[in-house]
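If you're matching positions, the sequence shown starts at 25 in the working numbering and goes up one per residue.
Data block below; observations after.
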Amino acid sequence: MIPADCGPATDGIEKDRVKISKPTIAVEENTVVYRTEIESEDGRRDLWFRLDAKYADLVTDSCDPALVGLLIPAMAAGEDIHLSGPISERLYYNLSGPCQNVFGTTIPILDTIDIHPAGLRSKSGRPPGVATGFTGGIDSFCVLADHHYSPDCPEGFRLTHLVFNNVGSHGHGSEGERIFKSRYARLAPFVERIGLPFVALDSNLDSFYSERLGFAQTHTPRIIAAALLLQGGIGRYLSASSTDYRAAAIYPCKYISSTESICIPLLASESLDVLSVGHQYRRVDKTLKVADIPDSYEILDVCMREGDRNCTTCRKCLRTMITLDIAGLLDNYPERFDLAQYRARENELLSRFFRKKTGRGKLRGEVIALAKETGWRMPLPARLRTWLYKIGYPIRRLQRPLKSKAKKMLWKDN
Ligand SMILES: [Zn+2]
């Protein structure tokens with residue numbers, strides 16, 4: 025199955041190919057560093073992953089993390105990948121065909137490329153560790169609900185480790201690294217309290233992605249590359265889904281999340297089982313599951329903006345707060361949201377949220393459905409606002425073209 029010209033990478037830069045060297049693993053101060061040299065038309069530089077030395081036993085010596093992490097950049101450059109170290113036979117099979125089809129359909133600028141490994145590992149056998157990424161958000165808290173807090177979780181799916189990655193979600197370069205460390209420090213005391221190891225996994229993987237390969241469109245292989253790094257001790261990785269099964273689809277899109285349930289299982293190796301979990305829930309269902317966990321009252325993080333506390337005004341905050349409000353659970357979160365600010369504007373916010381005619385996003389539609397399912401009714405002042413808005417709508421619609429005409433006339437006169 026391996027192409028004939030799959031030998032080790034040689035010295036001298038050649039065109040139309042990217043070479044990934046056999047990784048080295050070294051202890052540097054209190055950390056363990058996995059490093060591979062990457063050679064392409066752009067020159068030579070290292071891809072590295074770094075974590076606390078106490079987790080050295082988790083780190084793989086295979087090229088799997090580098091291959092998965094660099095597949096999309098290589099496809100974007102139209103460069104075949106040549107590896108001088110071994111990779112998983114299963115990954116080789118899935119990355120050579122099915123995965124490239126998923127990524128290439130989602131991101132049409134990508135080319136199909138060939139992968140030339142130095143050897144394939146087909147021996148089965150998973151280590152006992154079970155891990156997931158933890159950010160404090162609704163999706164990852166929902167994984168904890170099912171795989172840590174639930175007494176019904178089968179032992180083989182019960183979490184033994186939480187991971188916090190720096191693979192592009194915190195921003196670029198030194199500022200991204202600063203935010204990565206700051207967010208980890210905020211979550212670490214909570215994770216210590218619930219009794220799980222919390223692996224901080226730093227990396228320069230993001231620097232191999234150009235501006236046109238944004239995180240929202242490429243996060244899946246980045247995150248699973250980091251998971252594959254840990255396949256020395258982690259045998260099952262539970263990736264927190266961000267969509268439900270009804271959203272599963274593959275089409276050109278700026279967001280890769282609709283492909284998660286399809287492509288994440290394709291990124292498993294013989295040593296690491298990779299599952300995309302939580303697709304059976306709508307976002308509102310996840311929010312209510314998380315609200316059943318008292319630990320979330322002090323750490324839940326849903327905000328689009330940087331800060332110690334959720335901002336209370338962005339669309340993610342409002343959607344979450346209104347979901348919790350409908351369920352009568354919002355008052356459990358005084359440490360995470362500015363409840364006084366929300367209550368002061370509650371009637372205006374609810375009226376605007378429920379009356380909006382355009383941009384009925386899927387997640388907002390779920391909140392509206394939840395209100396109907398539970399028989400929730402807006403407070404009377406909010407309903408009055410909505411009613412006044414609706415009767416004023418025809419007048420505002422008539423006013424719009426008149427205002428536009430007036431503006432044009434003024435512009436001409438000047
Ligand atoms: Zn916010």
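Every residue, glycine too, gets a C-beta built ideally from N, C-alpha and C.
Own chain residues within Cβ distance below 6 Å of residue i, not counting five before or after
i, result
"phenylalanine 204", "Asn190 and His194"
"glutamine 365", "Thr336"
"arginine 145", "Pro110 and Ser112"
"serine 120", "Ile139"
"valine 42", "Ser64, Ala98, Glu103 and Ile105"
"aspartate 325", "Gly160 and Gly161"
"glycine 383", "Confidence is the limiting factor: at glycine 383 the pLDDT is only 48, short of 50, which leaves the residue's position unreliable and the question unanswerable from this model."
"alanine 155", "His185, Val187, Ile258 and Tyr261"
Cβ-based neighbour list, residue i, same chain, cut-off 8 Å, excluding 5 preceding and 5 following
i, result
"arginine 339", "Met328"
"alanine 273", "Ser282 and Thr283"
"serine 266", "Asp163, Ser281 and Glu284"
"glycine 153", "Leu82, Thr184, His185, Leu254, Gly257, Ile258, Gly259 and Arg260"
Separation of residue j from residue i, as counted between CA atoms
i, j, result
"glutamate 216", "phenylalanine 222", "7 Å"
"leucine 394", "serine 174", "24 Å"
"alanine 250", "leucine 94", "12 Å"
"methionine 345", "aspartate 135", "43 Å"
"glycine 257", "threonine 84", "8 Å"
"tyrosine 208", "isoleucine 415", "50 Å"
"proline 122", "leucine 115", "10 Å"
"serine 293", "isoleucine 317", "33 Å"
"leucine 374", "arginine 306", "21 Å"
"alanine 100", "phenylalanine 73", "22 Å"
"arginine 376", "threonine 410", "8 Å"
"glycine 128", "arginine 150", "30 Å"
"serine 198", "isoleucine 137", "32 Å"
"aspartate 332", "serine 164", "18 Å"
"isoleucine 288", "tyrosine 79", "24 Å"
"proline 441", "tyrosine 261", "Residue 441 lies beyond the residue range present for the chain, which begins at 25 and ends at 438; the question has no answer from this structure."
"alanine 315", "glutamine 255", "32 Å"
"serine 234", "lysine 386", "30 Å"
"leucine 348", "histidine 171", "23 Å"
"phenylalanine 214", "leucine 353", "21 Å"
"threonine 55", "aspartate 76", "4 Å"
Sheet register partners of residue i (DSSP bridge)
i, result
"arginine 46", "This sequence places lysine at residue 46; arginine is not what is there. In DSSP, lysine 46 forms no bridge with anything."
"histidine 243", "According to DSSP, which records beta bridges pairwise, histidine 243 is partnered with nothing at all."
"proline 110", "Gly143"
"phenylalanine 188", "Ala224"
"tryptophan 457", "What the structure shows of the chain is the stretch from 25 to 438, and residue 457 is not part of that stretch, so it cannot be assessed."
"leucine 75", "Val56"
"aspartate 297", "Arg260"
"threonine 136", "Per DSSP, none; premise fails for threonine 136."
"alanine 331", "The amino acid occupying residue 331 in the given sequence is glycine; alanine does not appear at that position. None; glycine 331 has no bridge partner."
"glutamate 63", "Lys43 and Arg68"
"valine 154", "Arg260"
Other residues of its chain near residue i: CB distance less than 7 Å, five sequence neighbours each side excluded
i, result
"glycine 143", "Pro110"
"threonine 48", "Arg59"
"glutamate 390", "Arg306, Arg307 and Val308"
"glutamate 61", "Ser45, Arg68 and Asp70"
"isoleucine 286", "Val126, Ala272 and Ile274"
Min CB distance residue i to chain D below 7 Å
i, result
"arginine 246", "You won't find chain D in this structure, because it holds only one protein chain."
beta-carbon residue i near ligand 3 non-hydrogen atom, thresh 6 Å
i, result
"methionine 99", "No copy of ligand 3 occurs in the structure displayed; its ligands are ligand 1 alone."
Notebook entry, point to check: Looking at C-beta atoms only, is the number of pairs between the region 355-362 and the region 405-418 that lie closer than 8 Å three or more?
Noted result: no
Margin query: Tell me whether the region 261-273 and the region 108-125 touch, counting them as touching only if at least three CB pairs, one residue from each stretch, are closer than 8 Å.
Written below: No: fewer than three Cβ pairs fall under 8 Å.
Next item on the list: Could you name the residues whose beta carbon sits closer than 7 Å to any heavy atom belonging to ligand 1, keeping them in chain order?
Entry: Here the residues come out as Val326, Cys327, Met328, Arg329, Asn334, Cys335, Thr336, Thr337, Cys338, Lys340 and Cys341.
Notebook entry, point to check: How do the region 298-305 and the region 122-133 stand: do at least 3 beta-carbon pairs fall below 8 Å, yes or no?
Noted result: no
Notebook entry, point to check: Do three or more CB pairs link the region 174-189 to the region 223-242 at distances below 8 Å?
Noted result: yes
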